[in-house]
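Student: This structure is in structure tokens; I'll ask about it shortly.
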Amino acid sequence: MSHYGAKQASLDVFRMLLITCSNEDLNYGMKYKLLTEEDVLKAGLGEKFHLNITETARRVFRGIRRPHFLNKLRAAVNLMNKVRDHYAKYPETPRDFASWKAETEAIFNEARLKLLAE
Numbered sequence: 238m239s240h241y242g243a244k245q246a247s248l249d250v251f252r253m254l255l256i257t258c259s260n261e262d263l264n265y266g267m268k269y270k271l272l273t274e275e276d277v278l279k280a281g282l283g284e285k286f287h288l289n290i291t292e293t294a295r296r297v298f299r300g301i302r303r304p305h306f307l308n309k310l311r312a313a314v315n316l317m318n319k320v321r322d323h324y325a326k327y328p329e330t331p332r333d334f335a336s337w338k339a340e341t342e343a344i345f346n347e348a349r350l351k352l353l354a355e
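Here it is, written out as structure tokens:
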């Protein structure tokens, strides 16, 4: 139960990516494995994305025709990891909650700016 909030927050960032991408971008991303079934499963389970340098280079090369989608995908993964790490630092006392909440709002404002703004 302790990781539930982190998982849900990460999924909210992923949702922002999905609702702003066109079907063509998503189909292209799945076809050329910019976004794999395993990535979607990991997102759904609230797990972190870990790509080695070789896999990252392959995905960049395959996504060269859709740089806007590739950039949004990169931003989403970075923000998902950022929000998950932030939720891992949930305060143990109410005294620290206000500053934690302010940082949470800042992360989601950043996500909205990078993922929802066109």
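The opening position of the sequence shown corresponds to residue 238 in our numbering, with each subsequent residue numbered one higher. The beta carbon of each residue, even a glycine, is placed where N, CA and C say it ideally should be. Given the structure is predicted, the values throughout are model-derived calculations rather than measurements.
1. What does the alpha-carbon distance come out to for the pair L248 and Y327?
2. Does DSSP put M238 in a helix, a strand or coil?
3. In angstroms, rounded to a whole number, what distance separates the CA positions of M238 and L353?
4. Examine the Cβ distances between the region 337-346 and the region 258-273 and report whether three or more of them are shorter than 8 Å.
5. Is it right to say F334 is buried, meaning 16 or more other beta carbons lie within 10 angstroms of its own, or is it exposed?
6. Pull up the distance between the alpha-carbon of N315 and that of E284, whole angstroms please.
7. Taking 7 Å as the line, does the beta carbon of D249 fall inside it for any heavy atom of the ligand SAH?
8. Please report the straight-line C-alpha distance between T291 and F298, rounded to a whole angstrom.
Tutor: With the structure as the only source:
1. 17 Å
2. Unreliable placement is indicated for M238, whose pLDDT of 41 sits below 50; no coordinate value is reported for it.
3. Here M238 scores only 41 on pLDDT, less than 50, and its place in the model should not be relied on; the value that follows carries that caveat. The straight-line gap from Cα to Cα measures roughly 29 Å.
4. Verdict: no, contact absent.
5. Result: exposed.
6. 13 Å
7. You won't find the ligand SAH in this model; it holds no ligand whatsoever.
8. Going by the C-alpha atoms only, they are around 11 Å apart.
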